[in-house]
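First up is the structure itself, then whatever we jot down about it.
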Amino acid sequence: MAEPVGPRGATLRVVLRVLGRLAARLGGAVFVLWAVASVTFFAVRLIPGDPAQAVLGGPGSQASPEALAAVSSEYGFDQPVIVQYLTQLGRLSTGDLGRSYALNMDVGPLVLSQLGSTVLLAVLALTLAWLLALALATWSTRGGTIAFRVGSSLEIVAAALPHFWLATSLIVVFSIWLGVLPPISTSGVAGLVLPVLTLAVPLAGFLGQIMRESLQVALESPFVLSARARGESERGVRWVHALRHASLPAISLSGWAFGSLISGAVVVETIFARPGLGRTLLNAVTLRDVPVVIGVVMIVAVTYILMTLLTDAASRLVDPRLRLL
Amino acid sequence: MSEVALTVRNLRVVFGAAEPVVHGVSFDIAPGECLAIVGESGSGKSVTARSLLGLAGANAHVTADRLELGGRSVLGLTDRAWRARRGKDVGLVLQDALVSLDPLRPIGREIADSLRLHTTLGAAARVRRVLELIEAVGLPDPELQVRKLSGQLSGGERQRALIAAAIAVEAPLLIADEPTTALDVTVQAQILGLLEQIALAGTAILLISHDLAVVSRIAHRVAVMHDGRLVETGGTAQVLGSPRQEQTRRMVAAIPTDKPRGTRLSLTARPADAPGTTCALSTPFPRESTVVLEAIGLSKSFRRPDGSRQLAVDDVSFALHRGSTLGIVGESGSGKTTTARLLLALLAPEHGEVQVRGQPWSAAGEKTRRGLRASVGAIYQDALGSFDPRWNVAEILTDALGLRHERRAPQTTARLTTLLDEVGLAASALPRRPLELSGGQRQRVGIARALAARPEILICDEPVSSLDVSVQAQVLDLLDDVQREHALSLVFISHDLGVVAHVSDQIAVMRAGRIVESGPARRVFAAPQHPYTAQLLAAVPRLPA
Amino acid sequence: MSDLEVQAELAAHSSQSRQAGPARRLGVAEGAAGVFALFLLVAAVAPTLLAPGDPLHIDPLSAFQSPNFAHGFGTDESGRDIYTRVVHGTQYSLVIGATATVIGLGLGIVLGTLAGMLGRVVDFTVNRFLEVLFAFPGLLLALLFIVIFGPGVATATIAVGLSTAPGYARIIRAQLRTVRSAAFVEAATVLGRTRWQVLLRHILPNTLAPLFVLATLGIGQAIVWAATLSYLGLGAEPPTAEWGAMLSAGRTYITSAWWMSFFPGLFIVLTAVTATVLGRSIDRRMRHA
Amino acid sequence: MPLRHPARTRRLLATTAGIVALGLFVAGCTATGSDKPVGEPISGGTLTYASGDAEPSCLDPHVGGNFPQALISAQYLESLVSRDTDGQIIPWLAESWTASEDGLTWDFTLRDDVTFTDGTVFDAAAVQANVAHVQDPTTLSSTGYLALGKVTGTEAVSPTVVRFTLSAPDSALLESLSQPWLAIESPTALERSQDENCAAPVGTGPFIVESWVKQNAITLVRNDDYVSPPADAGHSGPAYLDKVIWRFIPDSASRYAAVQSGEVDVIDNAQPDTIVQAKQSDSLEHLDSPRPGASNRIELNSGRAPFNDVRVREAFMRSANVDDAVSSLFLGTATRSYSALSSVEATAVSNAALFDYDPAAAAKLLDAAGWSETDADGYRVKDGVRLTVEFPVSTNQSIPAEQSVFEQIQATAKETGFDVKLRPLDLSSWYAALAANDYDAVSAPYTKVGPDVLRILYHSASIVPAPSGYFANLAQVNDPAIDELLTTAARATDPAARASLYSDAQNRILEGFYILPLYDQQNHYLLRSDVVGLRTLPTVAVPTLYDAWLNR
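Have a look at this one:
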């Protein structure tokens, strides 16, 4: 094939490159999913005891030998491991995550029904964390040394706050003492405040530190001096130049942040009695409801991958340099 | 319009409670005039320049008897008032436009900023003006350029864009702070030409530089700054031709360009030198015809990010004779550093080979080579990075002597002291870490380390490029001394033709991986054969004759 | 990214930041952190020096006492002295945190060294493997491990260790690669040092030294995570004087006896902050010493 | 038939309540109180109920059969009979019943005016369909299935008369039928798939399951055509409430905070300290309704050493300071029990003298039993073996205060020389430990209407494990005399004779030091003061919202 030439050829090349990158990304995502599925499949094989018994609710279930046999053949536990593995992959590829031992329903719909609530929580928390971090970073870099010290101390302490302690303290203060916010998060906006705060504050501590550092670096960099020399105002310097630079490392942290929010959701959803993946997961872990655990892990892996793609896209949006590659 | 673009009387800048950084500096610049303030790092020249923009820093205390821009006093201006004048009455160009232009914004936006802030032009008018400016600073194809990010431009293009941004509103005064420091000589010449043009158009220019030779090209007047004071001010030819002050003399002496090999550049480099001796001609040293290091048809290529291969070094051959210095000169990207790494056998050539004393070097295995390693030393541009950060000077040198530093015997300490003495450092440097030393001291430790193994050959890769001119002079003198004392053979790699010409017996000029011209230093310098060499030579900043 | 990498990055950032204020910025904080760390150390090694009582001694008649002269931190539902329990619990928390860190760091060193030192194929494989592990956010990996091996202190400790391993591995790999390509490694080669000498005298010390910082930061993280698992009922169980378990038990009585969960929580927070402050301080010292 | 609390019930069984409290808050009592004076009941409004139990996996209590299912299904399903606060069986969907002389045939006359909320008529065929459903192995019924163990067949004598045929006389049949796990569902609805039926069972109750968002809430709406309250209900006609939101808040502190802030109206599984607080608050009311069946007790495994020696069993009980533990931990919300049965059971026998805290006596008993030496840690030793008591604790079934009771017993028994090893386990591991006979002491709560629970728990037949390994006689009581008493009682048709037999059996159990009674199975509710008329069904002490209304 002839090398494409001219502007049209260039466009074609760009399109091909973008498609290629997309394909590589998708390939990577599929690989990660396959690996996650395989890891969990073989990990679950490590569980001691008869998996059929686990399906029937553990040793206390009074399951008859007939029931055990029936379950074994239904789930294919009597097949060789490799056959089970391939069957499982086949099922997963069609979106079939199996059936919960404990909840008496298919894992796929169950997990999907919980996803929205957790994602809402995570997105709100991430947004709030961003705003808090941004506010703290801009405030502490504008004020003097005292503001700087207060800002950085606040961030370090915030980042060290365990979710369970923060959630409990918030409930005590805002629900029990002041009685202004509901201690459970079932419906309505008011119920979201405390869970979102619980997740956002520690995250804001992390994001704030990174933002303040990069904001400081940006504010001291020569291009900001150039901008000032052009007569740019302090606000202009911050909004046109510095904050954009400051947000870059924080954006690339957002993939991690999402993961930490999911971890936090396990605690927060339990304490605030909020429906969601985290609570589902914890319940499943305490009941050792393996299909649900795998289902949640898979769905989190998928969302995590999506989140990294999204983070990449956001970075490209803010940093035009990445678009050149 | 006043006849004086800038008036400064008794400017003082103090940071906190410390000693003033600028003590009572006074000068004027007329429209169309270019005044250069020259001084070493830390002399206060940049602070002076920034206080003229009200940007000396948050905790800086600036006072002056008079400080007038275009006849209007800027003393005691509020920040808001300053903002109204910055960019409009005075423009600033910084060094290294890669970091002086916001890397996230297209240059068109950066250039348009001043217009947005200081004019009432509409968006379309601003775009037209930006295109005009881009054209005016000599960038081709303005429509294409406006959308580019600074990262997509070459160093020279960026600097032009930065200048365009500074002159957008036709400020009567342009302050250029080391505008060409990071640039290759040819590009540097172009940028200086551009500044000259701007001055010709009637703009007053305040040029800040550490390099006398650079400014001498376009400055009408030169002011030499030292320790926060202007020690000497006058017409360029007068100041450089017959410097009156010691600081000025020292700076003039430190310029290597056009100084014959062996000329001492530093006035106080060694205690042995009598004070006040200038340009002491060192004794010529014996040169032999034995080839100690030879490159034969070296080639090396690298993979580009898109997968294609780029030839970094292309069929390079040369020979280094015992006791002589081979200078390799070239602009950035010409393959100099790759050549150095090939010579040190840190990279294997794809074609050709390197021989040391006629024995296979690059073709031999590392095991065989290790026996010869002691005879080939190296000095690096980034001396700091070449030291293990956990080690202090004593440990670095003990290691280089091939001893174990766990049990350091008294005689080892004696050897270390001798070694340090050889490079002009006191024994008190031994317990210190390189991080605590100045740039010049670090390079001295680097040289001491290279000398420790008593090598015959030294490969010096840009050993002085990150140093101030006067420190550079000392290090060059030091290299000259050790070469004589130890009968070393040097490969001296640099982008600075002036330096290379000063230190070398033979010169090889590299361009895009190839040697375009080579020969005896004097010949190449006096009568370049290749047009590229001629171009390089023409661009070398030199003092007015 | 893992929590650890973020922590490490923040530490690196803060120690590279300008010297003006920051050099002295943590002076007071460092001092306080040092004092608290010393307290923790004494509490872990010789708890009876600080609290002579028995952390399991019950006294039903003085249950639910708010902090007072006899019981500085109050008493719990069985009349056990909370101060004594918090002090004695330091040992559990630190041992769990340290063990988890050792496990994570150990695995991380193996994986990171494999990826950083061996060929491209190994590096690629290990990297993909780590990427996969990163798709399980921290706690999820721990929970998956617990669902397989059942809850308990040992499982929780191993689970926390495992879930931090990928983070360590990536940092170590990156550090190894940086050090390997550092100019001083080349300089050593030029001086004629053998590969082993270079490895032993330059690469390993410069790779491993920052691990001390990592371990300090990691131990704080591990303690919080282990406490989280205990809090969720998947780690140490009451009446063990483990902080997370105490907090979990205390939470039941949060509306009537706040001190039961406040003090263990305070110690967890202070320990985490101390680890951060000390880790950064060590980092700064190592970089600028 | 008895009710074992099956898997997946978290903190399912609260411990038993005190006898003093009983007088005030006996099952069936009504909690009232509000700022507004209580006038005529007001119709309308939505009540939010927050349960601390696990969310059921199926809303049909025939499937499996645990307490959370009973709690919610009592709002939309009804049983054939109920029980009043005196322990008398009273009519509900069945108006009357007669048993044959031999006790093998029972005829129930049904109400003829009742329809299921899907429009299906309630009749004898419907009852037959329900019995068949429970006895169908694919339904996977455990509690209901066990309760119908002696029922061999049913027959529709007429549309309003249904006949049960038994394999042996069953003095507990009416008590069994009063339980929510044998509530009657629409036969039309039962024909749906199990998934559908689990999501929205159809009954005759005062409310209808409208929607169930898993892990969030179940919404119930009023059945406007409701006609069939039990004989002891407070009013007739439809319920007052428009709607009930049923939530699950496993965290007890959150649950209390929710009712305190008014976010929810009623919570169950209230913790002792919150009950005390609520009692001081004007806005909250407390409802205590101990569960029937067995009391909460620690069973000592008499099937293996060291508790195969009655002296060691007695020594353990004498060395455990239960009284102080209960008073410090339950803060007066629970009263010490000295009986094998719940205090709500009329046939309960109590013998406090057997359980005095007396370390000196305990030491003597141990000396006598050969555990006379003491090791360095202060534990008794015999033949080089330490006096160890393996005590697996199900974290799912014991509330925190109860686990603290065990901790205190551990601490006080240590002083006498017992090394009590508390092992907190998740439910599945806990069952596994029991099945492996790897325990010396265990606390396994059991809810069942009537004293027949004793047969399940202490008849030697219950030592034989089911195929899965589970068995109910955890104390491994193997006493022919007790077996005889319990078997006879189960067939006794005369109430007085039955009561006497159970009384004898209980005395033998208590005197054999097989069990250490602690308190009733606790069942505390907290409600907003403006919730009026809420009562619990005296059968298994679950609340009914039928009479409840909102005084706002």
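Going down the list, the sequences are from chains A, B, C and D.
Each residue of the first sequence is one higher than the one before, counting from 1 in the working numbering.
Each residue of the second sequence is one higher than the one before, counting from 1001 in the working numbering.
Each residue of the third sequence is one higher than the one before, counting from 2001 in the working numbering.
Each residue of the fourth sequence is one higher than the one before, counting from 3001 in the working numbering.
Think of the CB as a built atom: it goes at the ideal place given N, C-alpha and C, for glycine as much as any other residue.
Keep in mind it's a predicted model, so treat the numbers as computed, not measured.
| Asked | Found |
| --- | --- |
| Interface positions of the stretch 3246–3260 of chain D facing chain A (Cβ-Cβ less than 8 Å), listed along the chain | 3247, 3248, 3249, 3250, 3251, 3253, 3254, 3255, 3257, 3258 and 3260 |
| C-beta atoms of residue 1343(B) and residue 1516(B) nearer than 9 Å | no |
| is_contact[residue 184(A), chain D] using C-beta, thresh 9 Å | yes |
| Spatial distance of residue 3169(D) from residue 3148(D) (CA atoms) | 12 Å |
| Stretch pair the stretch 2159–2169 of chain C + the stretch 2091–2110 of chain C: three plus CB contacts closer than 8 Å | yes |
| CB contact below 9 Å: residue 1110(B) versus chain A | yes |
| Residue of 2223(C), 2202(C), 2122(C) and 2261(C) minimising C-alpha distance to residue 2139(C) | 2223(C) |
| In DSSP terms, what residue 1346(B) is bridged to | Residue 1346(B) is not bridged to any residue. |
| Coarse secondary structure for residue 3543(D), derived from DSSP in three states | strand |
| Residue 218(A) (DSSP reduced to helix, strand or coil) | helix |
| Span of the beta strand (DSSP E), counted from its first residue to its last, around residue 3083(D) | 3081–3083 |
| Positions along the stretch 2224–2251 of chain C whose CB lies within less than 8 Å of some CB in chain D | 2233, 2237, 2238, 2239, 2249 and 2251 |
| Secondary structure of residue 1211(B), DSSP reduced to three states | coil |
| C-beta atoms of residue 3422(D) and residue 3402(D) nearer than 9 Å | no |
| Below-9 Å beta-carbon distance, residue 1955(C) vs any chain A residue | Residue 1955(C) falls outside the range modelled here, since chain C spans only 2001 to 2289, and no answer is possible. |
| Segment contact flag, the stretch 3060–3068 of chain D with the stretch 3129–3142 of chain D, C-beta cutoff 8 Å, min 3 pairs | yes |
| Unbroken beta strand (DSSP E) run spanning residue 1460(B), endpoints | 1457–1461 |
| Bridge-paired residues (DSSP) for residue 1258(B) | DSSP, once it has assigned bridges, lists no residue as partnering residue 1258(B). |
| Proximity below 9 Å, CB of residue 1420(B) to CB of residue 1448(B) | yes |
| Cut-off 7 Å between Cβ atoms - residues of its own chain near residue 1535(B), not counting five sequence neighbours on either side | 1186 |
| Cut-off 7 Å between Cβ atoms - residues of its own chain near residue 1337(B), not counting five sequence neighbours on either side | 1461 |
| Through-space distance from residue 3378(D) to residue 3352(D), alpha-carbon basis | 29 Å |
| Ordered list of alpha helix (DSSP H) runs contained in the stretch 3449–3484 of chain D, each at least 4 residues | 3453–3458 |
| Under 9 Å from the C-beta of residue 1100(B): neighbouring residues of chain A | 221, 222, 223, 225 and 226 |
| Same chain, Cβ closer than 6 Å to residue 2990(D), neighbours up to 5 away in sequence not counted | Residue coverage of chain D in this structure runs from 3001 to 3552, which leaves residue 2990(D) outside it and unanswerable. |
| Chain D contacts from the stretch 2128–2155 of chain C (Cβ-Cβ distance under 8 Å) | 2150 and 2151 |
| Residues of the stretch 2028–2059 of chain C whose Cβ lies closer than 8 Å to any Cβ of chain A, in chain order | 2029 |
| Which listed residue (3317(D), 3074(D), 3104(D) and 3372(D)) has its alpha carbon closest to that of residue 3386(D) | 3372(D) |
| CB contact below 9 Å: residue 310(A) versus chain C | no |
| CB contact check: residue 1400(B) to chain C, cutoff 9 Å | yes |
| Top-ranked residue by Cα proximity to residue 2004(C), from 2116(C), 2186(C), 2215(C) and 2054(C) | 2215(C) |
| Coil, strand or helix - residue 1485(B) by DSSP | helix |
| Any C-beta of chain B under 9 Å from that of residue 232(A) | yes |
| Extent of the continuous alpha helix (DSSP H) run through residue 3329(D) | 3322–3330 |
| Any 3 or more C-beta pairs closer than 8 Å across the stretch 184–195 of chain A and the stretch 2246–2259 of chain C | no |
| Sub-9 Å separation of residue 1218(B) and residue 1232(B) beta-carbons | no |
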